[in-house]
Amino acid sequence: MVTQSNIHFFANWAKERLDEMDATVISLESKAAEVQADVRDKAKKVLADLRSQRDDFRDTMKKQSEANEAAWIQTKAKLEADWGLFEAEVKKYVESFGKQIEHQQATFKLQADAQLKAWREVAEKLGSDAKKFASERRGDIDAAVKRMNADAIEAEKKLEKLNQAGTQSWSALMAALTETRTAFDRANEAAREAFKRAA
15 MVTQSNIHFF ANWAKERLDE MDATVISLES KAAEVQADVR DKAKKVLADL
65 RSQRDDFRDT MKKQSEANEA AWIQTKAKLE ADWGLFEAEV KKYVESFGKQ
115 IEHQQATFKL QADAQLKAWR EVAEKLGSDA KKFASERRGD IDAAVKRMNA
165 DAIEAEKKLE KLNQAGTQSW SALMAALTET RTAFDRANEA AREAFKRAA
């Protein structure tokens, strides 16, 4: 039987995406006044759509909070599609209305900060959860947590380096976030498997 503690790995995945969505919407809203007057109404509509997508994502995630693993797996597929649509809409917004490099950098920084915060929170929670297992069954879990912490440090270095450069294109910044997000997903899945083996 899968324990509720194994379910939180799916929630970790969803929360990381939701945190990035929140950061993105906050950043774009803070720069909305800088959008040229002739396209401001169009930009406001896109922002409203982004807020709605984020809220729908959050609502779906909340509804799943007590679901079993099979339900989470099914919902994760829907949330992945929703995430992809959100990313595409953000890209379109930035290319249409947020062409100033400072606007892109500010959005990237908030997204990167949200992602790194999620890494730290998950690693801390996994470390705490690992203590609940007998020491002879904790080896894989401790290794997975250690690997997640090391991956988080590497991701932070990479994202900070890009942020300091300040002249990267939007696509390069998003590629870096995608790369570190994928590393987070791998680390989260490795930890999930380690917990399953130890259970």
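Number 213 marks the last residue of the sequence shown (this note's numbering); no jumps.
Built from N, CA and C at the ideal position, the CB exists for glycine as well.
From a predicted model like this one, the values you see are computed outputs, not experimental measurements.
Cβ neighbours of Trp184 in the same chain (closer than 6 Å, five flanking residues each side left out): Val108, Gln118
To which residues of the same chain is Asp127 closer than 8 Å at the C-beta, ignoring the five residues directly before and after it? Ala37
For Ser41, is the classification buried or exposed, using 16 other Cβ atoms within 10 angstroms of its Cβ as the cut-off for buried? buried
Write down every uninterrupted run of the alpha helix (DSSP H) in the region 131-171 whose length is 4 residues or greater and which is fully enclosed by it, in chain order. none
Leu140 and Ala212 - do their beta-carbons sit closer together than 7 Å? no
Return the chain-ordered ranges of every alpha helix (DSSP H) run that is complete within the region 83-120 and spans a minimum of 4 residues. 83-111
Inter-residue Cα distance where the pair is Gln67 and Ala148: 42 Å
If you measure from the beta carbon of Asp154 to each beta carbon in chain C, is any gap under 7 Å? No chain C is part of this structure, which consists of one protein chain only.
What three-state label does DSSP hand Gln50 in the structure shown? coil
Would you identify the three-state DSSP class for Glu43, choosing helix, strand or coil? helix
Taking all protein chains shown into account, do 16 or more other C-beta atoms lie within 10 angstroms of the C-beta of Thr196, making it buried, or fewer, making it exposed? exposed
In terms of residue numbering, what span does the alpha helix (DSSP H) encompassing Ser183 cover? Counting along the chain, Ser183 falls outside any alpha helix (DSSP H), and DSSP gives it neither H nor E.
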